[in-house]
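Numbering (the numbering used here), first residue to last: 76 to 462. See below for the structure under consideration.
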Ligand SMILES: Cc1ncc(COP(=O)(O)O)c(C=O)c1O
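What follows is the structure, given as structure tokens:
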């Protein structure tokens, strides 16, 4: 059978082809040695490397202002790869008190079993950070915009404090994306993204990214292959398609989010709105400085009626669905108390203001009037008409 690739002649596909193959063929042992010894480009086994993840990483590295990037099977595996490549038993991590719930679990439950200790600090309180970093620490971990309440990390200040203490600053940039913030350019050592969210952009993939400027790529690549954290080709291929419109989508969704946040603040039953673009957000000034006026597509609001009011909002309308993720082209809602922070203790939830009435919205790019009309149906339903 003739090789279909040879029938392309002088033509080259405009779009990166999908290499849906878990293994490659090699002409002889010498060729295998040359690839293994990095004397020649090539691929052998997809868990080690494949053209689609390599190509996606090459597109993402300059966006993050990184020297290199590595695509992994999920945001959580990107974090796992960072921890496995940089930490040893007995070492200490200083992490933000405001992290995605699973990230806190990864540190407190999983890494703790391997003898890694984590201290949680309010990373917006730079005095507390300096005090915590007076003890040896290997890594500092923050989210640019925290999940769910969108507190903003002062990355340049945290980078200075981390480096003075000999620690690497790792930034989870998932809620911000490189459209809003490029943490490496602000002094961070490693940036990670859940590509599953706004970068993939269509809720049809699960992938993660680690990018940096130092010499960690080889170590991370090895960890990803040995621990089985590698990305699959089709998800990489789809993510390339999403990436092409990231900036367009983020700017359109940001415009929608700003309108929606102000509208929500006027609605009956809404006791509080959290959006970094609003002057009443505690980090509005910092966000204005770090994000050059683009505050992103994520917002939260609190319903005074608690869980019942949230249930009514979700049951009364389906145009803005309860769908516990973020980053789709259409607007979706989530409920941090029962999803992303389900395993957070009641005391910690209370401390972080993650109430039963808190709704998180990932704002999309559809006409925002449509979203507001659906939300109005869900919000304006009288208390007595419980369904
Ligand atoms: C801020 C943040 N980081 C990391 C993750 C994990 O990403 P993934 O679901 O792709 O593993 C999530 C998921 O929601 C997240 O919100």
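The beta-carbon is built from N, C-alpha and C at its ideal position, and this holds for glycine as well.
Check                                                                                                                                                                    : Outcome
Taking C-beta to C-beta, are residue 353 and residue 336 nearer than 8 Å?                                                                                                : yes
For residue 149, which of 259, 269, 95, 99 has the nearest alpha-carbon?                                                                                                 : 269
Does residue 204 come out as helix, strand or coil in the three-state DSSP assignment?                                                                                   : helix
Say yes only if the C-beta of residue 309 is nearer than 7 Å to one or more non-hydrogen atoms of ligand 1, and no if none qualify.                                      : no
What separation, rounded to the nearest whole angstrom, lies between the Cα atoms of residue 163 and residue 153?                                                        : 17 Å
Expressed to the nearest angstrom, what Euclidean distance is found between the alpha-carbon atoms of residue 259 and residue 156?                                       : 18 Å
Indicate the three-state DSSP secondary structure (helix, strand or coil) for residue 460 in the structure shown.                                                        : Only weak support exists for where residue 460 lies, its pLDDT of 46 falling under 50; the coordinates are left without a value.
Could you tell me if residue 301 is buried or exposed, where buried requires 16 or more neighbouring beta carbons within 10 angstroms of its beta carbon?                : exposed
Find out if the Cβ-Cβ distance for the pair residue 151, residue 174 is shorter than 8 Å.                                                                                : no
Any contact of the segment 123 to 134 with the segment 308 to 324, i.e. 3+ C-beta pairs under 8 Å?                                                                       : yes
Rounded to the nearest angstrom, what separates residue 322 and residue 369 at their Cα positions?                                                                       : 11 Å
Take the Cβ of residue 403 as the centre, count every other Cβ of all protein chains shown within 10 Å, and call the residue buried at 16 or more, exposed below.        : buried
Would residue 420 and residue 372 qualify as a contact pair, given that the criterion is a beta-carbon distance under 8 Å?                                               : no
I want to check one thing, is the minimum distance from the CB of residue 269 to the heavy atoms of ligand 1 below 7 Å?                                                  : yes
Can you tell me the Cα-Cα spacing of residue 126 and residue 412, whole angstroms?                                                                                       : 40 Å
Provide the residue span of the beta strand (DSSP E) that contains residue 243, from first to last.                                                                      : 243 to 247
Say the cut is 7 Å; is the CB of residue 250 nearer than that to a heavy atom of ligand 1?                                                                               : yes
What span of residues does the beta strand (DSSP E) with residue 143 cover, start to end?                                                                                : 143 to 147
Please list, in chain order, all residues of the same chain as residue 460 whose beta carbon is under 7 Å from its beta carbon, the five residues on each side excluded. : Caution applies to residue 460, whose pLDDT of 46 falls short of 50 and renders its modelled position unreliable; the value that the coordinates give is listed next. The answer is none, since no qualifying residue turns up.
Would you say the beta carbon of residue 415 comes nearer than 7 Å to a heavy atom of ligand 1?                                                                          : yes
Cβ atoms of residue 186 and residue 208: under 8 Å apart, would you say?                                                                                                 : no
Let me know if residue 94 comes out buried or exposed under the rule of 16 or more other beta-carbons within 10 Å of its beta-carbon.                                    : buried
So, using beta-carbon positions, are residue 306 and residue 144 closer together than 8 Å?                                                                               : no
For residue 263 and residue 326, I'd like the C-alpha separation in whole angstroms.                                                                                     : 24 Å
Please report how far the alpha carbon of residue 462 lies from the alpha carbon of residue 137, in whole angstroms.                                                     : Residue placement at residue 462 is flagged as unreliable, the pLDDT there being 42, under the threshold of 50; the coordinate-derived value follows with that caveat. C-alpha separation (whole angstroms): 50 Å.
Excluding the 5 residues flanking residue 430 on each side, which residues of the same chain have their C-beta closer than 8 Å to its C-beta?                            : 377, 381, 412, 424
Rounded to the nearest angstrom, what separates residue 450 and residue 233 at their Cα positions?                                                                       : 38 Å
With burial defined as no fewer than 16 other Cβ atoms inside 10 Å of the residue's Cβ, what is the status of residue 422: buried or exposed?                            : exposed
At the level of alpha carbons, what is the spacing between residue 288 and residue 228?                                                                                  : 20 Å
How would you write the range of the beta strand (DSSP E) that residue 435 sits in, first residue to last?                                                               : 433 to 437
Out of 231, 88, 276, 360, which has the shortest C-alpha to C-alpha gap to residue 440?                                                                                  : 276
Tell me which same chain residues have a C-beta within less than 6 Å of the C-beta of residue 103, skipping the five on either side of it?                               : none
Leaving out the 5 sequence neighbours to the left and right, which residues in its chain are closer than 6 Å to residue 221 when beta-carbon positions are compared?     : 173
Mapping the DSSP letters down to three states, classify residue 73 as helix, strand or coil.                                                                             : One cannot answer for residue 73 here, as it falls past the ends of the chain, which runs 76 to 462.
How long is the line joining the alpha carbons of residue 76 and residue 113, rounded to whole angstroms?                                                                : Only weak support is given to the placement of residue 76: the predicted model assigns it a pLDDT of 46, under 50, and the question is left unresolved by the model.
Rounded C-beta distance between residue 463 and residue 169? I'm assuming under 8 Å.                                                                                     : Not covered by the structure: residue 463. The range shown for the chain is 76 to 462.
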